[in-house]
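Residue numbers for the sequence shown follow the UniProt record's numbering, beginning at 1 and rising by one.
Beta carbons are placed, not taken as given, at the ideal position from N, Cα and C, and that holds for glycine.
Report on one structure; see the data block that follows.
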Amino acid sequence: MASELSHNKGISDVTHSVPTTSTRILSRNPHSSLSSLDDHQKNDTLVSMQELIPTQVGSNLEVEAGIILKLLDIASCLSAEKHARKPCVTVTLDDLIFENTVKAGDIVHFTAKVSRAFTTSMEVSTSVEVEDACTGMKQRVCRAYFTYVVQSDQGGKLPLPPVYPNTPIELKEFLLASERRRSRLTRKVSIQEKKLVHQPHSSPGLIQSDTSPPTYAETVKVVVPSYTNHHGTTFGGQLMEWMASTAMIAALRFAHKPPVLLAVDSIHFRAPSRVGDRVRLRASVNNVFNKSMEVGIRLTAYKINEEERHISSAYFYLGVRDEDFNLINLPKLTPATEIEKRRAAEAYGRYHLRLDRRTFVNDKKIPLLDPSSKDQFLPLVYGNISSLMKLYTLTGWQKSDSNENRSCTLYQYEDSQFFALKCEGEIAGVDSETGFKLLQQSLLEDRKTWDKLCISADTVKSITNDDVIVRLIMKPLDHSEKIRDFVLLASKRSPIISTSLDPYAIAFSSVELDLIPLDPSYERGQVISSGYVCSQIEGHSEKFNLCYLHQISSTVLPFVATDLMGLSSVVEIVFIGLQKYILGLIAKSHSEDT
Numbered sequence: 001m002a003s004e005l006s007h008n009k010g011i012s013d014v015t016h017s018v019p020t021t022s023t024r025i026l027s028r029n030p031h032s033s034l035s036s037l038d039d040h041q042k043n044d045t046l047v048s049m050q051e052l053i054p055t056q057v058g059s060n061l062e063v064e065a066g067i068i069l070k071l072l073d074i075a076s077c078l079s080a081e082k083h084a085r086k087p088c089v090t091v092t093l094d095d096l097i098f099e100n101t102v103k104a105g106d107i108v109h110f111t112a113k114v115s116r117a118f119t120t121s122m123e124v125s126t127s128v129e130v131e132d133a134c135t136g137m138k139q140r141v142c143r144a145y146f147t148y149v150v151q152s153d154q155g156g157k158l159p160l161p162p163v164y165p166n167t168p169i170e171l172k173e174f175l176l177a178s179e180r181r182r183s184r185l186t187r188k189v190s191i192q193e194k195k196l197v198h199q200p201h202s203s204p205g206l207i208q209s210d211t212s213p214p215t216y217a218e219t220v221k222v223v224v225p226s227y228t229n230h231h232g233t234t235f236g237g238q239l240m241e242w243m244a245s246t247a248m249i250a251a252l253r254f255a256h257k258p259p260v261l262l263a264v265d266s267i268h269f270r271a272p273s274r275v276g277d278r279v280r281l282r283a284s285v286n287n288v289f290n291k292s293m294e295v296g297i298r299l300t301a302y303k304i305n306e307e308e309r310h311i312s313s314a315y316f317y318l319g320v321r322d323e324d325f326n327l328i329n330l331p332k333l334t335p336a337t338e339i340e341k342r343r344a345a346e347a348y349g350r351y352h353l354r355l356d357r358r359t360f361v362n363d364k365k366i367p368l369l370d371p372s373s374k375d376q377f378l379p380l381v382y383g384n385i386s387s388l389m390k391l392y393t394l395t396g397w398q399k400s401d402s403n404e405n406r407s408c409t410l411y412q413y414e415d416s417q418f419f420a421l422k423c424e425g426e427i428a429g430v431d432s433e434t435g436f437k438l439l440q441q442s443l444l445e446d447r448k449t450w451d452k453l454c455i456s457a458d459t460v461k462s463i464t465n466d467d468v469i470v471r472l473i474m475k476p477l478d479h480s481e482k483i484r485d486f487v488l489l490a491s492k493r494s495p496i497i498s499t500s501l502d503p504y505a506i507a508f509s510s511v512e513l514d515l516i517p518l519d520p521s522y523e524r525g526q527v528i529s530s531g532y533v534c535s536q537i538e539g540h541s542e543k544f545n546l547c548y549l550h551q552i553s554s555t556v557l558p559f560v561a562t563d564l565m566g567l568s569s570v571v572e573i574v575f576i577g578l579q580k581y582i583l584g585l586i587a588k589s590h591s592e593d594t
């Protein structure tokens, strides 16, 4: 929706919808600890809708994707407005992937809740499930993230109240929202870098060339009052429905077979359209990737005798299925003009950025990196941070048998998927911000000083101010084993806003780099995910909690074998060594001040 950009028209305009919302007033202390989160508390911004759409279907009795987008937009706006208590404006939609289809007679469940509020924007996490009315079986259709703002009467953005997660799952979404926001802000640069590396460059231009390609589709809609909200601006869900329909026409002209919507890379609302405007939607196939194609859609709005103004851009992925519901190979697209070549190059960048992100987040293979290509690190960094935050928000840790007199506590987590260790303890004398600076110094500069297993720790390459490649060379526990070396991506993160629920963190995961080839004298170790998290202890201005987390891989297992056997813990000993070193740095700093 795009309310001044676009605004929700209201749930009353949707037939058969049954919204269910919680109305509890949030009273939990915003600085309460992780352990105080309750799995059974409801989110105040949660919105649930059930929809039965027996008639609005396309081929094969499938519900048209535009209808799903429209209803998803309604749910997300309701959630945003429950939090802001004011009319909200949609800015973006991204990361939507259709996993299943909706057919006539299915019951569709829409859920939305605000995962995080920043200073003037908030992220709304949404999902869609389909329920077979006969069997009761549910399947996920898609999930996506919306960004909303609240605009003042003068057009500026209004500040938003913070969001406080109630459950460990909500805390995970809360923490990852900042990384998703970071990815959105750097995404455009990464797309351009991939475009320059892999495709020919040409000058900028509009989506429509002088000679319309055979995949081109254009639609003009008149904005009438029934398409708008009480402000007179076009309901964004309606714009999304028009986008999907126009994209379908372009894809049909290219493939000559009925297409299906597979994903929405992004929709960005730039300006509003109002009652009386003509909205022109232009769409064309930008590039083809074997079994999917990207269709770019550009929306402009104008009144009679006025110039067109750009109001929105969107990128949809579509494909064609055979009788067995499998995607088929698509014809090759050959760009002819400079504008078409530019669009194809940018589409390539968007496609591979999505592919890299999905690979690095979901696949635990160690990626081979090109040090000259910064765009490759964006999805890898996201995967690095998200893996650590998933460990940090896990519940069900089991306390290990250890010496109660030690300054830290060791925990284990095990399920059918993986095994992990957690070691945590308190450090007094400074706040978490200062403690995090000392932690960085201890891990990235002084590690050889305090870690008895560390032979060397060097920064090999700086990617950004917060992301570097480091190499560790570690002594073996058994003299019969080789020395181990680790090549790791280290990603540092500080809170966007000051809250104990938004900790300081350093995440580590293994990468491969041609600059550091395998050395036969070393055994190359692998780290799936590990890192340190610093969080302020409630009620103590100069005391913070330090937590180390490590997901175990087979190559690291010898280092923690004694932990698993209940004997002296290598992880615990190293953690205590780090604690003592940081306390020494604190004492030194205090003595210098006096």
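**Prompt:** Over what stretch of residues does the alpha helix (DSSP H) that includes Ala250 continue unbroken?
**Reply:** Here residue 250 refers to the residue found at position 250 when the sequence shown is read from its first residue. Segment 236 to 255, the alpha helix (DSSP H) holding Ala250.
So Phe316 and Val295 are in contact, right, with Cβ under 8 Å, and what is the actual spacing, rounded? The count along the sequence shown starts at 1 and reaches residue 316 at position 316. The count along the sequence shown starts at 1 and reaches residue 295 at position 295. Confirmed, Cβ separation roughly 5 Å.
Which of the three DSSP states is assigned to Gln50 in this structure? Residue numbering aside, residue 50 sits at position 50 when the sequence shown is read from its first letter. Note: Gln50 maps to strand in three-state DSSP.
DSSP puts Leu62 in a beta bridge; with which residues?
-> On the sequence shown, position 62 is the one that residue 62 refers to. According to the sequence as given, residue 62 is Glu; it is not Leu. In the DSSP output, where bridge partners are listed per residue, Glu62 has Lys103.
Q.
For a quick check, are the C-beta atoms of Ile506 and Tyr522 less than 8 Å apart?
A. In the sequence shown, the residue the question calls residue 506 occupies position 506. In the sequence shown, the residue the question calls residue 522 occupies position 522. No, the pair does not count as a contact, with Cβ atoms beyond the cut-off.
Review point. Looking at Gly525 and Phe575, is the spacing between their C-beta atoms short of 8 Å?
Key: Numbered from 1 along the sequence shown, position 575 holds the residue referred to as residue 575. Numbered from 1 along the sequence shown, position 525 holds the residue referred to as residue 525. Their beta carbons are not under 8 Å apart, which means Phe575 does not touch Gly525 by this criterion.
Helix, strand or coil: which one does DSSP assign to Gln536?
-> The residue given as residue 536 occupies position 536 in the sequence shown. In this structure, Gln536 counts as strand in the three-state DSSP scheme.
Would a C-beta distance cut-off of 8 Å place Gly276 and Val223 closer than the cut-off? Your numbering for residue 276 matches position 276 in the sequence shown. Your numbering for residue 223 matches position 223 in the sequence shown. For Gly276 and Val223, yes; Cβs fall inside 8 Å.
Point to revise | Three-state secondary structure assigned by DSSP to Val527 | key: Translated into the one-based positions of the sequence shown, residue 527 becomes position 527. The answer is coil: DSSP assigns Val527 none of H, G, I, E or B.
query = Touch check for the segment 231 to 249 and the segment 259 to 273: three-plus C-beta pairs under 8 Å?
reply = yes
Can you tell me which of Asn329, Ala344, Leu330 puts its alpha carbon nearest to the alpha carbon of Ala336? Working through the sequence shown from its first residue, we reach residue 336 at position 336. The candidate whose alpha carbon is nearest that of Ala336 is Ala344.
Mark Leu206 as exposed unless 16 or more other C-beta atoms lie within 10 angstroms of its C-beta, in which case mark it buried.
Translated into the one-based positions of the sequence shown, residue 206 becomes position 206. Here the model assigns Leu206 a pLDDT of 36, short of 50, so the residue's position is not dependable and the matter cannot be decided.
Tyr227 to Phe235 span [Cα, whole Å]:
By one-based count along the sequence shown, residue 227 stands at place 227. By one-based count along the sequence shown, residue 235 stands at place 235. Cα-Cα distance, rounded: 6 Å.
Beta-carbon proximity of Glu81 to Asp106, cut-off 8 Å
In the sequence shown, residue 81 corresponds to position 81, counting from 1. In the sequence shown, residue 106 corresponds to position 106, counting from 1. Contact: no.
Query - Nonlocal neighbours in the same chain, by C-beta distance under 6 Å from Lys86, ignoring five residues either side - result: Along the sequence shown, read from residue 1 onward, the residue named residue 86 stands at position 86. Within the same chain, Lys86 has close Cβ partners Val150.
Does the distance from the C-beta atom of Leu239 to that of Leu299 stay below 8 Å?
Start at 1 with the first residue of the sequence shown, and residue 239 comes out as number 239. Start at 1 with the first residue of the sequence shown, and residue 299 comes out as number 299. Cβ atoms of Leu239 and Leu299: closer than 8 Å.
| field | First and last residue of the uninterrupted alpha helix (DSSP H) at Gln412 | value | Stepping through the sequence shown from its first residue, residue 412 is reached at position 412. Per DSSP, Gln412 belongs to no alpha helix (DSSP H); it is in the beta strand (DSSP E), 409 to 414.
**Prompt:** Anyone know if the C-beta pair for Asp467 and Leu443 falls short of 8 Å?
**Reply:** In the sequence shown, residue 467 corresponds to position 467, counting from 1. In the sequence shown, residue 443 corresponds to position 443, counting from 1. Result no, Cβ atoms of Asp467 and Leu443 do not sit closer than 8 Å.
- Query: Alpha carbon to alpha carbon, how far is Lys437 from Ile537?
  - Reply: In the sequence shown, residue 437 corresponds to position 437, counting from 1. In the sequence shown, residue 537 corresponds to position 537, counting from 1. One C-alpha to the other measures close to 17 Å.
Problem set entry | Phe146 classed as buried or exposed, judged by whether at least 16 other C-beta atoms fall within 10 angstroms | Numbered from its first residue, the sequence shown carries residue 146 at position 146. Per the 10 Å Cβ criterion, buried.
- Could you pull the start and end residues of the beta strand (DSSP E) that Glu131 belongs to? Residue numbering aside, residue 131 sits at position 131 when the sequence shown is read from its first letter. Run containing Glu131: 121 to 131, per the beta strand (DSSP E) assignment.
With H, G and I counted as helix, E and B as strand and the rest as coil, what does DSSP make of Tyr227?
By 1-based counting over the sequence shown, the position of residue 227 is 227. The answer is helix: DSSP assigns Tyr227 an H, G or I state.
Measure the CB-CB distance between Ser76 and Ala104 and report whether it falls below 8 Å.
-> By one-based count along the sequence shown, residue 76 stands at place 76. By one-based count along the sequence shown, residue 104 stands at place 104. Cβ atoms of Ser76 and Ala104: not closer than 8 Å.
### Query
Are there 16 or more other CB atoms within 10 angstroms of the CB of Cys134, so buried, or fewer, so exposed?
Taking the sequence shown and counting its residues from 1, one reaches residue 134 at position 134. It counts as exposed.
Notebook entry, point to check: Mapping DSSP to helix, strand and coil, what is Gln455?
Noted result: Translated into positions along the sequence shown, residue 455 becomes position 455. The residue asked about is misnamed: residue 455 is Ile in this sequence, not Gln. If DSSP states are grouped into helix, strand and coil, Ile455 belongs with the strands.
**Report entry** Spatial distance of Thr464 from Gly136 (CA atoms)
**Finding:** Sequence index remark: in the sequence shown, residue 464 carries index 464 (1-based). Sequence index remark: in the sequence shown, residue 136 carries index 136 (1-based). Their backbone Cα atoms lie some 49 Å apart in a straight line.
Can you give the Cα-Cα distance for Phe118 and Ala177, rounded to whole angstroms? Taking the sequence shown and counting its residues from 1, one reaches residue 118 at position 118. Taking the sequence shown and counting its residues from 1, one reaches residue 177 at position 177. Distance between the alpha carbons of Phe118 and Ala177: 10 Å.
#### Entry: For Asp324 and Gly66, the rounded distance between their alpha carbons
In the sequence shown, counting from the first residue as 1, residue 66 sits at position 66. In the sequence shown, counting from the first residue as 1, residue 324 sits at position 324. Going from the Cα of Gly66 to the Cα of Asp324 covers about 24 Å.
Review point. Leaving out five residues before and five after Gly232 in sequence, what residues of the same chain have Cβ atoms less than 6 Å from its Cβ?
Key: For this step, residue 232 is matched to residue 232 along the sequence shown. Within the same chain, Gly232 has close Cβ partners Arg274, Val275.
Margin query: Suppose the cutoff is 7 Å on Cβ atoms and the five residues either side in sequence are ignored; what does the same chain contact list for Asn250 look like?
Written below: Position 250 of the sequence shown, counted from the start, is the residue given in the question as residue 250. According to the sequence provided, residue 250 is Ala. The question's Asn does not apply to it. Taken in chain order, the residues that qualify are Thr215, Tyr216, Ala217, Ala283, Ser284, Val285, Val295.
Distance check for Glu542 and Ala428, CA to CA, integer angstroms please. Here residue 428 refers to the residue found at position 428 when the sequence shown is read from its first residue. Here residue 542 refers to the residue found at position 542 when the sequence shown is read from its first residue. Going by the C-alpha atoms only, they are around 6 Å apart.
How should residue 595 be labelled, buried or exposed, when 16 other C-beta atoms within 10 angstroms of its C-beta is the threshold for buried?
As displayed, the chain neither begins before 1 nor continues past 594, which places residue 595 out of reach and without an answer.
Using only the alpha-carbon positions, how far apart do Ser568 and Leu410 sit?
Here residue 568 is taken as the residue at index 568 of the sequence shown, counted from 1. Here residue 410 is taken as the residue at index 410 of the sequence shown, counted from 1. Here Ser568 scores only 45 on pLDDT, less than 50, and its place in the model is too uncertain to base an answer on.
| query | Nearest to Asp502 by CA position, among Leu46, Val128, Pro225, Cys534, is which residue? | reply | Locating residue 502 in the sequence shown gives position 502, where the first residue counts as 1. Minimum Cα distance to Asp502 is reached at Cys534.
Compare the Cα-Cα distances from Val527 to each of Asp265, Asp478, Leu472, Pro272 and report the closest residue.
Sequence index remark: in the sequence shown, residue 527 carries index 527 (1-based). Ranking Asp265, Asp478, Leu472, Pro272 by Cα distance to Val527 puts Leu472 first.
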